[in-house]
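Student: Pasting in a structure now, in structure tokens, and then I'll have a few things to ask.
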Amino acid sequence: MLKEIVINVQEEETRVAVLEDRVLMEVYIERSHNQRLVGNIYKGKVENVLPGMQAAFVDIGLEKNAFLYVEDAQPARNPEAANQPGLHVNIGDILKQGQEIIVQIVKEPIGTKGPRVTTHITLPGRYLVLMPTVDYIGISRRIESEKERERLKELAARVKPEGMGVIVRTVAEGVDEEEFRQDILLLSKLWRKIQSRAANSSAPNLLHRDLELVQRMLRDIFSEDVDRLTLDSRSEYEKTLEILDMIDPKLKQKVFLDERENIFEDYGIAAELEKALKRKVWLKCGAYLVIDQAEALTAVDVNTGKYVGSTTLEDTVLKTNLDAAVEIARQLRLRNIGGIIIVDFIDMAEEEHRNQVLATLEEEIKKDKTKTNILGITQLGLVEMTRKKVRPSLAEVVQKPCPYCEGRGKVLSEETVSIQLKTQIYQLARQTAADTILVEANPVVAARLIGAGGVNLRELEQKTGKNLYIRGSATHHLEQVTIKPLSDQEEISSQTVPVKAGEIIELKVEEPHISNPSDGIARLDGFIIDVEGGGALVGEIVSVEIVKVHRTYAKARLI
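When the sequence shown is numbered by the numbering used here, its final residue is 1122 and no position is left out of the sequence of numbers.
In structure tokens:
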């Protein structure tokens, strides 16, 4: 498998893309105004202890207080014993309000939630992760050879500091003792520096900031199994070579500089990122997925779409589900979806087919470094999964809730808005002494209020006893309306009818007339102007003479 890393460095953000066989699998984005917090170590002060939640809020100097669970605050012990019965204690026995503690962020603040922290510090190096608060040796699960696991465990036992723990990382497979010692030397020195800063400062205070994105990629992702690392920034390229000189000089030959203007566009990464923000994901066979991310869980629905197969229905369903399983695993990585995930595969009658699809999904999930558990199929035929969430998803990084629909993903229909608007017009008509009311709304809403030939407008005027001027405004969002009474005659003239008969003006023909396509429709401050013979000039700017002015529109002729 060809594995590449492409790094795009810009003034305000850095983006890292991981490709496998030219297919985008993962993306990391870090923006200068919103630096990553996971891995940072703070001296914090306990603000509140919540016995009912077995947790505490800790002030670490950020906008929101950090959240510390009891299991993350207990005195450190062998991680393998963490879930043994009889070891649970109350949060009030460990922490007191006002107490100063050293904590590390393990989960980014997401939405209204503050960051999650732990007192069990971990300091990752190139080959080892130092755990200064626990005496333990762990080996990465991705190292499968039992002989190699035993060798690495012996090396780790020889180099680890007394009373501290280490986890051997996947990249350490095949390395010697000297490289372990160098790692431990640097990490021990860093821990002493953190302890010194903590002793000489008051809470809240940042004691250690984790590496920037490119440096983390070199430490955590760039290893022997990566075939090529490409950067588009000369300064970052030179800095990368300097870092590799210290951590792994052999990898320098895989680093390349490519200063083209838009490297993500040229590699096809930008297009894939755009697709990764959409609900619908098309599969090569013609089927598609629908991915809906909600606060509680993410739902993935599999549909046959355009794919009709060539043999039996069972084979069509199996082929669709197998393709979907591969793409679902990729989309989880690419979108960095975490938490509870429910997948609704197309129903399969044969048990063998269900097992085949699950096996494919499990095989693809193994490529994901983020811990993912497949819990099996429910009675409803849904596949339940969980994926560890430590940083915001791609959508949370690059998007925000729609300010109009507030994240609902839907807006009110023009019919609903026009009905609500009529109610507001009736209410204002009862309250104001003014004879005239000006209404501005989105053109489709305004058209419904006016009605064909102005029939709805005349009915509204009869019921309210007011002169109504309804103006369609393209700048108004579908749900946005403006209603105001007008009493001054000069104000009425200036705000309701922006043109006069005989006036010559230039306008852009926006669309053909809906009932008379030979005419064109132009607008001036939302006021409709019917241009005779302008239907063939859509998109052009034309000179017209205003022939006749009505209350809701004007007629004009081409000059």
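Backbone N, C-alpha and C define an ideal beta-carbon position, used for all residues, glycine too.
(1) Looking only at DSSP bridge pairs, what is Pro1075 linked to?
(2) If we call anything under 7 Å between Cβ atoms a contact, is Leu852 one with Asn899?
(3) I'd like the span of the alpha helix (DSSP H) that includes Arg1021, first residue to last.
(4) In three-state terms, what does DSSP make of Tyr870?
(5) Considering only DSSP beta bridges, list what Ser1106 is partnered with.
(6) Suppose you measure from the CA of Ile700 to the CA of Arg594; what does that come to, to the nearest Å?
(7) Does the stretch 925-941 come within contact of the stretch 969-979, defined as at least 3 CB pairs closer than 8 Å?
(8) With DSSP as the reference, identify every bridge partner of Ala762, one or two as the case may be.
(9) Once the 5 residues before and after Gly615 are set aside, which same chain residues still bring their CB inside 6 Å of it?
(10) Just to confirm, are Tyr605 and Val666 a CB contact at a threshold of 7 Å?
(11) Give me the DSSP bridge partner(s) of Pro687.
(12) With a threshold of 16 other CB atoms inside 10 Å of the CB of Met809, please say whether the residue is buried or exposed.
(13) Measuring alpha carbon to alpha carbon, tell me which of Lys929, Lys882, Leu807 and Lys1047 ends up nearest Leu893.
(14) Please report the distance separating the alpha-carbon of Lys1118 from that of Val1110.
(15) How about Asn1030 and Thr999: are their beta carbons less than 7 Å apart?
(16) Taking Leu613 as the reference, give the member of Leu631, Gly607 and Asn603 with the closest Cα.
(17) Just to confirm, is the Cβ distance from Ile1046 to Val1002 under 7 Å?
(18) Which residues share a DSSP beta bridge with Asp931?
(19) Alpha helix (DSSP H) containing Thr879: first to last residue?
(20) Does the contact criterion of 3 or more C-beta pairs under 8 Å hold for the stretch 741-760 versus the stretch 679-691?
(21) Determine the DSSP secondary structure at Phe743, reduced to helix, strand or coil.
(22) Identify the continuous alpha helix (DSSP H) that holds Tyr800 and give its terminal residues.
(23) Below 7 Å between beta carbons: does that hold for Leu600 and Glu671?
(24) Where does the unbroken alpha helix (DSSP H) through Glu959 begin, and where does it stop?
(25) Measure the C-alpha to C-alpha separation of Arg1114 and Gly1016 and round it to an integer number of angstroms.
(26) Which same chain residues, not among the five before or five after Tyr830, have their C-beta less than 8 Å away from its C-beta?
(27) Between the stretch 758-774 and the stretch 618-629, do at least 3 Cβ pairs fall closer than 8 Å?
(28) Where Lys815 and Glu567 are concerned, what is the direct C-alpha to C-alpha distance, given to the nearest angstrom?
(29) State buried or exposed for Tyr967, treating a residue as buried only when at least 16 other CB atoms are found within 10 Å of its CB.
(30) Three or more C-beta pairs under 8 Å: does that hold for the stretch 914-932 against the stretch 857-876?
(31) Counting Cβ pairs, one atom from each stretch, are 3 or more of them under 8 Å apart for the stretch 700-711 and the stretch 732-747?
(32) Taking DSSP as the reference, what is the three-state secondary structure of Ile832?
(33) State buried or exposed for Leu565, treating a residue as buried only when at least 16 other CB atoms are found within 10 Å of its CB.
(34) Tell me which residues share the same chain as Lys952 and place their Cβ nearer than 6 Å to its Cβ, disregarding the 5 neighbours each side in the sequence.
(35) Secondary structure at Gly607, three-state DSSP: helix, strand or coil?
(36) Please classify Pro964: is it buried, with 16 or more other beta-carbons within 10 angstroms of its beta-carbon, or exposed?
Tutor: Put simply:
(1) Gly1083
(2) no
(3) Val1018 to Thr1027
(4) coil
(5) Glu1069
(6) 35 Å
(7) no
(8) BP columns for Ala762 are empty, so no partner.
(9) none
(10) yes
(11) Val692
(12) exposed
(13) Reading off the sequence, residue 893 comes out as Arg, not Leu. For Arg893, the nearest C-alpha among the options comes from Lys929.
(14) 5 Å
(15) yes
(16) Leu631
(17) yes
(18) Answer is none; Asp931 lacks a bridge partner.
(19) Leu876 to Arg898
(20) yes
(21) helix
(22) Arg797 to Ile810
(23) yes
(24) Leu957 to Val961
(25) 12 Å
(26) Val569, Ala580 and Leu582
(27) yes
(28) 14 Å
(29) exposed
(30) no
(31) yes
(32) helix
(33) exposed
(34) Gly901 and Gly902
(35) strand
(36) exposed
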